[in-house]
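Student: Quick note, the sequences are listed as chains A and B, same order. Once you know that position 294 of the first sequence is 294 in this note's numbering, the rest is easy, because the numbers rise by one and skip nothing. Once you know that position 124 of the second sequence is 124 in this note's numbering, the rest is easy, because the numbers rise by one and skip nothing. Just so it is clear, CB atoms sit at the ideal spot from N, CA and C, and this is done for glycine as well. Below: one structure in structure tokens.
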Amino acid sequence: MKFDYMSKPTIIPIGPYHPLQAEPELFKLYCDGEIVKDVKWETGYNHRGIEKLSESKTFDQVFFLVERICGICSTSHPFAFANCMEEIVNVEIPDRAKYIRSIIGELERIHSHLLWAGLAGHFLGYNTVFMWVWKYREPVLDLFEIITGNRNSYAMFKIGGVRRDIPNNLVPTIQKNLDALKHKLDLLIGVVMDDPVIHARTKGVGVLTKQDIINFAAVGPTARASGVAIDVRQDDPYAAYPLVNWKVITAEEGDVFAKIAVRLLEMHESVSIIEQCLEGLKKEKEGDIEVKVKNVPEGMGTGRAEAPRGEVFHFVTTDGGYSPVRHKVRAPSYTNISTFKKSCVGQTISDATISLAAVDPCYCCTERMAMVYDYYNKKPILSGKDMIKLSQQKTEELKKKL
Amino acid sequence: MLKLGFKSYIFKKSLWLFHFGGASCNNCDIEILDCLTPRYDVERFGMLLVGSVRHADVLLISGSINQKDKVRLLEIYKQAPKPILVVAIGACSCTGGIFAEGNVFAGPVDKIIPVDAYIPGCPPKPEAILAGIFKLLKKK
Ligand code: SF4
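Right, here's the structure in full:
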């Protein structure tokens, strides 16, 4: 007799409020014994209706709103939005502003990758790595506090430039912090690359081939770890990236280890970009940080930026008024999360979490997507009661099944 | 609510925390996690982030609450052992913050469950979070 395993799968729900995740999200792993056969995920716990909100804000306010799409990449969204608006207004920002933008963008990449490395360590059961790495992350946040006045959510961007200058006398302080950071990064890379247990847990786990990446249209380090050298900073240069020397880090294997390696090495690249930008700052006149933009004409624009997780894309339509008529956001995790279907299936449950974590999914970024989806379906996503009832039913069913 | 001798006694030391992240931007969640890491290290006070609200003494809530979260929040509050201290962290959970005008916003936390302490900020610094929790404990 043939046993049909799919007829009686065991469902293991991860989330929505699970200690592994800082953010609410429900993953259902359909398992046959220890092996994951299928993955389904349910979003909406993080939906805030940002695209709609944006239409009721003025352009200056939208910067603060898009900053709060995601706290970890809280500069990538304003970055992409600024690129987008500058395309509509058609201005070229001063070089000093470009350098400052890139410095903030790269500092963010470092703090985001460190954060991820810590969480990955935590998922693997290496709490020491978690604690260590988050300790090393603090100096980066201190730098942010020195430069922008806040640890997260920097409020640095505006149409035509940046809001605050980095005074030249601050450069040595920043450089000193970076030197200390570089030392710590070397230490971390050494530890991770040489640890046999990390090798055993992550090599050959959650493999995504080059073809998978292309099929799922994955972006960012997830794609670069599978040998697809896609990086907006290089493909569609913006801010100061064309003015400095750097290279796109790639790896070929596509497993979790490759993703770790790509992220760790990228941090070194970021440090070098920041250093070159600091050099650039010294050459430019202090205070020359913006072009005054009086009004925004009618038009349409797109803006892209390379977030720590991949390409952030913003699309805005304006009508000559004070606020966007339509604002569309696509965050990198939206495409990256779909690779779970490939990377998790066939793994054991214990490997599933690190495979999930390896793409560094960011749910707060992704959550507006539910809205776009429904836009085409002409169905509102959270039509109040029936939606809640539906989700209640689902919870009940799940409870019974367990 | 917490004036009973024994119960206020148990809130004195080794609080176990459960973290509920609503529709947040993540910064508050990360600053909460940051409190556990070496620079701030709340674990030295016996505080521990636990995986189930059934083990918790304090319920930390961050992020705005949307329609979908509201049901979960109520359920989690129902599961929590009483008395429980509820702390709303960040502008989002205190008032709704920038998302209060959103089309899916389901009201600030204190309209849904009783809240014992508010820690405003966007995001509040880890120092502020610690200060808030300690102020709350002193008051009890
Ligand atoms: S209060 Fe601010 S930092 Fe905290 S979740 Fe809300 S928007 Fe994010």
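(1) Quick test of your reading: Thr339 of chain A and Ala218 of chain A, contact by CB under 8 Å. State the CB separation rounded to the nearest angstrom.
(2) Any chance the CB of Ala352 of chain A is under 7 Å from a heavy atom of ligand 1?
(3) Could you tell me which uninterrupted alpha helix (DSSP H) segments, each at least 4 residues in length, are contained entirely in the stretch 62-99 of chain B, listed from first to last along the chain?
(4) Starting from the Cα of Thr173 of chain A, find the closest Cα among A:Leu143, A:Arg151, A:Val191 and A:Lys184 and give me that residue.
(5) What residues in its chain sit with their C-beta under 8 Å from that of Gly320 of chain A, if we drop five residues either side in the sequence?
(6) To the nearest angstrom, report how far apart Ile166 of chain A and Leu53 of chain A are at their CA atoms.
(7) Can you find at least 3 beta carbon pairs, one from the stretch 307-318 of chain A and one from the stretch 241-254 of chain A, that sit closer than 8 Å?
(8) Sorted by chain position, which residues of the same chain lie with C-beta nearer than 7 Å to His122 of chain A's C-beta, five sequence neighbours on each side aside?
(9) Please list the partners that Asp57 of chain B has in chain A, where partner means a Cβ-to-Cβ separation under 8 Å.
(10) Measure the Cβ-Cβ separation of Pro78 of chain A and Val91 of chain A and say whether it is below 8 Å.
(11) Between Asn336 of chain A and Gly310 of chain A, how many whole angstroms is the CB-CB distance? I'm expecting something under 8 Å.
(12) Between Cys149 of chain B and chain A, is there a C-beta pair that is closer than 8 Å?
(13) Scan the stretch 129-145 of chain A for residues whose Cβ lies nearer than 7 Å to a Cβ of chain B and list them as they occur along the chain.
(14) Which residue marks the beginning of the alpha helix (DSSP H) containing His199 of chain A, and which one marks its end?
(15) Touching or not, the stretch 50-58 of chain B and the stretch 11-23 of chain B, by the rule of three or more beta carbon pairs under 8 Å?
(16) Looking at Pro147 of chain B: is its Cβ nearer than 8 Å to the Cβ of Cys28 of chain B?
(17) Just to confirm, are Ile273 of chain A and Glu108 of chain A a CB contact at a threshold of 8 Å?
(18) Could you tell me whether any non-hydrogen atom of ligand 1 is closer than 7 Å to the CB of Cys28 of chain B?
(19) Nearest-angstrom Cα distance between Ile69 of chain A and Cys25 of chain B?
(20) State yes or no: is the beta carbon of Val162 of chain A nearer than 8 Å to at least one beta carbon in chain B?
(21) I want to verify the contact list: residues of chain A whose CB lies under 8 Å from the CB of Pro123 of chain B, in sequence order.
(22) Taking 8 Å as the threshold (C-beta atoms), are His327 of chain A and Glu55 of chain A in contact?
(23) Taking a Cβ distance cut-off of 8 Å, strictly less, list which residues of the stretch 37-57 of chain A are near chain B, in chain order.
(24) Does Lys68 of chain B come within less than 8 Å of chain A when only Cβ atoms are used?
(25) If you measure from the beta carbon of Leu178 of chain A to each beta carbon in chain B, is any gap under 8 Å?
(26) Consider the Cβ of Leu281 of chain A: report whether some Cβ of chain B lies at a distance smaller than 8 Å.
(27) Does the Cβ of Gly107 of chain B lie closer than 7 Å to at least one heavy atom of ligand 2?
(28) If we define contact as Cβ-Cβ less than 8 Å, is Cys25 of chain B a contact residue for chain A?
Tutor: The structure says:
(1) Here residue 339 of chain A is taken as the residue at index 339 of the first sequence, counted from 1. Here residue 218 of chain A is taken as the residue at index 218 of the first sequence, counted from 1. Taking 8 Å as the upper bound for CB-CB distance, Thr339 of chain A and Ala218 of chain A are in contact here, some 5 Å apart.
(2) One-based indexing of the first sequence puts residue 352 of chain A at position 352. No.
(3) Assignment of alpha helix (DSSP H) within the stretch 62-99 of chain B, counting only whole runs of 4 or more residues, yields 67-79 and 90-95 in chain order.
(4) Against the first sequence, residue 173 of chain A aligns to sequence position 173. If we check each option's Cα against that of Thr173 of chain A, A:Leu143 comes out closest.
(5) The sequence position of residue 320 of chain A within the first sequence is 320, counting from 1. Sequence-distant Cβ neighbours of Gly320 of chain A in its own chain, meaning closer than 8 Å and more than five residues away, are Asn295, Val296, Pro297 and Glu298.
(6) Residue numbering aside, residue 166 of chain A sits at position 166 when the first sequence is read from its first letter. Residue numbering aside, residue 53 of chain A sits at position 53 when the first sequence is read from its first letter. So the two alpha carbons sit approximately 31 Å from each other.
(7) Output reads no: the stretch 241-254 of chain A does not touch the stretch 307-318 of chain A.
(8) Indexing the first sequence from 1 puts residue 122 of chain A at position 122. The answer, listed in chain order, is Phe130.
(9) By one-based count along the second sequence, residue 57 of chain B stands at place 57. Against chain A, a Cβ distance below 8 Å from Asp57 of chain B picks out nothing, because the smallest value is about 16 Å.
(10) Taking the first sequence and counting its residues from 1, the one referred to as residue 78 of chain A is at position 78. Taking the first sequence and counting its residues from 1, the one referred to as residue 91 of chain A is at position 91. Here Pro78 of chain A is not near Val91 of chain A, since their CB atoms are 8 Å or more apart.
(11) One-based indexing of the first sequence puts residue 336 of chain A at position 336. One-based indexing of the first sequence puts residue 310 of chain A at position 310. Yes, Asn336 of chain A and Gly310 of chain A are in contact; Cβ-Cβ is about 6 Å, under 8 Å.
(12) Nothing can be reported for residue 149 of chain B, as the shown portion of chain B is limited to 1 through 140.
(13) For chain B, the residues of the stretch 129-145 of chain A that bring a beta carbon within less than 7 Å of one of its beta carbons are Met131, Trp134, Lys135 and Glu138, in chain order.
(14) On the first sequence, residue 199 of chain A is found 199 positions in, with the first residue counted as 1. Pro196 to Thr202 is the extent of the alpha helix (DSSP H) around His199 of chain A.
(15) Judged by Cβ distances under 8 Å, the stretch 50-58 of chain B makes contact with the stretch 11-23 of chain B, as three or more pairs qualify.
(16) Nothing in the structure corresponds to residue 147 of chain B, since chain B is present only between 1 and 140.
(17) For the purposes of this step, residue 273 of chain A is identified with residue 273 of the first sequence, where counting begins at 1. For the purposes of this step, residue 108 of chain A is identified with residue 108 of the first sequence, where counting begins at 1. No, Cβ-Cβ distance for Ile273 of chain A and Glu108 of chain A is not below 8 Å.
(18) In the second sequence, residue 28 of chain B corresponds to position 28, counting from 1. For Cys28 of chain B, the shortest separation between its Cβ and any heavy atom of ligand 1 lies below 7 Å.
(19) Sequence index remark: in the first sequence, residue 69 of chain A carries index 69 (1-based). Sequence index remark: in the second sequence, residue 25 of chain B carries index 25 (1-based). Straight through space, the alpha carbons of Cys25 of chain B and Ile69 of chain A are spaced by roughly 6 Å.
(20) Sequence index remark: in the first sequence, residue 162 of chain A carries index 162 (1-based). Chain B, which has no Cβ nearer than 8 Å to the Cβ of Val162 of chain A, makes this no.
(21) Within the second sequence, residue 123 of chain B is the residue found at index 123, counting from 1. Those are Gly71, Arg151, Asn152 and Ser153, listed as they occur along chain A.
(22) As a first step, residue 55 of chain A is located in the first sequence; it is residue number 55 there, counting from the start. As a first step, residue 327 of chain A is located in the first sequence; it is residue number 327 there, counting from the start. Taking 8 Å as the Cβ cut-off, Glu55 of chain A and His327 of chain A qualify as a contacting pair.
(23) Answer in chain order: Gly44, Tyr45, Asn46, His47, Arg48, Gly49, Ile50, Lys52, Leu53 and Ser56.
(24) As a working note, residue 68 of chain B is residue 68 in the second sequence. Judged by the 8 Å Cβ criterion, Lys68 of chain B is in contact with chain A.
(25) For this step, residue 178 of chain A is matched to residue 178 along the first sequence. No, Leu178 of chain A does not count as interfacial toward chain B.
(26) Taking the first sequence and counting its residues from 1, the one referred to as residue 281 of chain A is at position 281. Among the residues facing chain B, Leu281 of chain A is not included, as its CB has no counterpart in that chain under 8 Å away.
(27) You won't find ligand 2 in this model; what it holds is ligand 1.
(28) In the second sequence, counting from the first residue as 1, residue 25 of chain B sits at position 25. At least one chain A Cβ lies under 8 Å of Cys25 of chain B.
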